[in-house]
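Colleague:
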Amino acid sequence: MDGMDGARPRAPERIAQQEWPTGAAEARALQERLAPLVRHEALDSGAVSLVAGLDVAYSADDDRLAAAAVVLAAPEWEAVDSATVVSSPRFPYVPGLFAFREAPALLEAVARLRTQPDVLLCDGFGVAHPRRFGLACHVGLALDRPVLGVGKTPFVGRADEPAPQRGAWSPLVDGGEVVGRCLRTRAGVKPVYVSVGHRVDLASAADLALRAAPHYRVPEPVRHADRLCRERLAAA
DNA sequence: GCGACAG
DNA sequence: ATCTTGTCGC
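In structure tokens form, the structure reads like this:
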């Protein structure tokens, strides 16, 4: 785990296969090495039509988990494809090391999709993370696709309360830098936290998150994925 | 040292 | 994440 010569990951696809961390210290080190590879790129959210939502559900009694990937089509957000995977966690839950727990199953679910989404939306964070490498970044680099993260509760940083109307937002700041956006997707309802995963910039990510959430607080793709993985867990 | 801490 | 019903309000 040290080959400090050519061991630096260049091909994102290798993240899920080689050097999978066995402990927390190792996992954090991997995040620090991969964080610089995250790219912020402008994305024409108006040209986006297929958005995948990713989420995971856990069993209450046994140690199973179900991951779901659902592709919805704008502007009505009807589901056009989906895939689920049932497995068990390969890493304990440690705040900040979320991806090592959920990414394997999520990536497998995405691999089973027959439709290639334009963007993927994760239930969690991207660069709004202690080491600037949350789940959405992990998934983004692994797939080398545009990914953004939407979290329901703040993890790092602080943000002022956005104005009460839908669309209002305030920057999420951590350590002196803007790592995300506190966005009001629904008037008078608690805001969500959007951050860049990979290959999108913050403005594009927030714009997409807002248009993907025309009725509820949580974006449709994530809501759908949430529902699907729960059903899958109950059925299997 | 202590508390906080995505799902 | 998960354990959990009804209820108030738009």
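Residue numbering for the first sequence follows UniProt numbering, starting at 1 and increasing by one per position.
Note that CB positions come from ideal geometry on N, CA and C, so glycine has one too.
1. In angstroms with no decimal places, state the Cα-to-Cα distance between Leu210 and Arg217.
2. Taking C-beta to C-beta, are Val147 and Gly157 nearer than 8 angstroms?
3. Tell me Trp169's beta-bridge partners as DSSP assigns them.
4. So does the region 23-36 actually touch the region 44-55, counting three or more Cβ pairs closer than 8 angstroms?
5. Let me check understanding here. Comparing Cα to Cα, which of Trp77, Val70, His138 lies closest to Thr115?
6. Considering just the uninterrupted stretch of the beta strand (DSSP E) at Glu102, what are its terminal residues?
7. Per DSSP, what kind of secondary structure is Ser204 in: helix, strand or coil?
8. Let me know the secondary structure DSSP gives Gly53 once reduced to three states.
9. Give the straight-line distance between the Cα atoms of Ala73 and Ala212, rounded to the nearest whole angstrom.
10. Where does residue 247 sit, in a helix, a strand or coil, going by DSSP?
11. The alpha helix (DSSP H) spanning His224 covers which residue range?
12. In this structure, what does DSSP give as the bridge partners for Gly149?
13. Exposed or buried, Pro36, counting other C-beta atoms within 10 Å across all chains shown (16 or more means buried)?
14. From the DSSP secondary-structure annotation, give me the bridge partner or partners of Thr84.
15. Whose C-beta lies closer than 7 angstroms to the C-beta of Pro221 among residues of the same chain, with five residues either side of it excluded?
16. Helix, strand or coil for Ala35? Go by DSSP, reduced to three states.
17. Would you decide whether Ala236 is buried or exposed? Buried here means 16 or more other CB atoms lie within 10 Å of its CB.
18. Is the region 106-114 in contact with the region 40-49, if contact means three or more CB pairs nearer than 8 angstroms?
19. Given a cut-off of 8 angstroms on the beta-carbon distance, is the pair Val192 and Leu183 in contact?
20. For Lys152, which of Arg90, Cys229, Arg181 has the nearest alpha-carbon?
Modeller: Let me spell this out:
1. Taking the first residue of the first sequence as position 1, residue 210 is located at position 210. Taking the first residue of the first sequence as position 1, residue 217 is located at position 217. Straight-line Cα distance between these residues: approximately 9 angstroms.
2. For the purposes of this step, residue 147 is taken as residue 147 along the first sequence, with counting starting at 1. For the purposes of this step, residue 157 is taken as residue 157 along the first sequence, with counting starting at 1. Taking 8 angstroms as the Cβ cut-off, Val147 and Gly157 do not qualify as a contacting pair.
3. Residue 169 sits at position 169 when you count from the first residue of the first sequence. Leu183, per the DSSP bridge assignment.
4. no
5. Working through the first sequence from its first residue, we reach residue 115 at position 115. Minimum Cα distance to Thr115 is reached at Val70.
6. Within the first sequence, the letter at position 102 stands for residue 102. Run containing Glu102: none in the beta strand (DSSP E); it sits in the alpha helix (DSSP H), 99-111.
7. Here residue 204 refers to the residue found at position 204 when the first sequence is read from its first residue. Looking at Ser204 - three-state DSSP - the assignment turns out to be helix.
8. As a first step, residue 53 is located in the first sequence; it is residue number 53 there, counting from the start. Gly53 falls in the strand class under three-state DSSP.
9. In the first sequence, counting from the first residue as 1, residue 73 sits at position 73. In the first sequence, counting from the first residue as 1, residue 212 sits at position 212. Straight-line Cα distance between these residues: approximately 10 angstroms.
10. Shown here, the chain extends from 1 to 236; a query on residue 247 therefore has no answer.
11. Here residue 224 is taken as the residue at index 224 of the first sequence, counted from 1. 220-235 is the span of the alpha helix (DSSP H), which, as asked, contains His224.
12. The residue given as residue 149 occupies position 149 in the first sequence. Note: Gly149 sits in a beta bridge opposite Cys122, Ser195.
13. The residue labelled residue 36 in the question sits at position 36 within the first sequence. Result: exposed.
14. In the first sequence, counting from the first residue as 1, residue 84 sits at position 84. The partner list for Thr84 (beta bridge, DSSP) reads Ala68.
15. The residue given as residue 221 occupies position 221 in the first sequence. The answer, listed in chain order, is Val51, Ala52, Gly53, Val70, Leu72, Leu121, Ala212.
16. Along the first sequence, one-based indexing puts residue 35 at 35. If DSSP states are grouped into helix, strand and coil, Ala35 belongs with the helices.
17. Taking the first sequence and counting its residues from 1, one reaches residue 236 at position 236. Per the 10 Å Cβ criterion, exposed.
18. no
19. Here residue 192 refers to the residue found at position 192 of the first sequence. Here residue 183 refers to the residue found at position 183 of the first sequence. Yes, the Cβ-Cβ distance between Val192 and Leu183 is below 8 angstroms.
20. Numbered from 1 along the first sequence, position 152 holds the residue referred to as residue 152. Checked all of Arg90, Cys229, Arg181; the closest Cα to Lys152 is Arg181.
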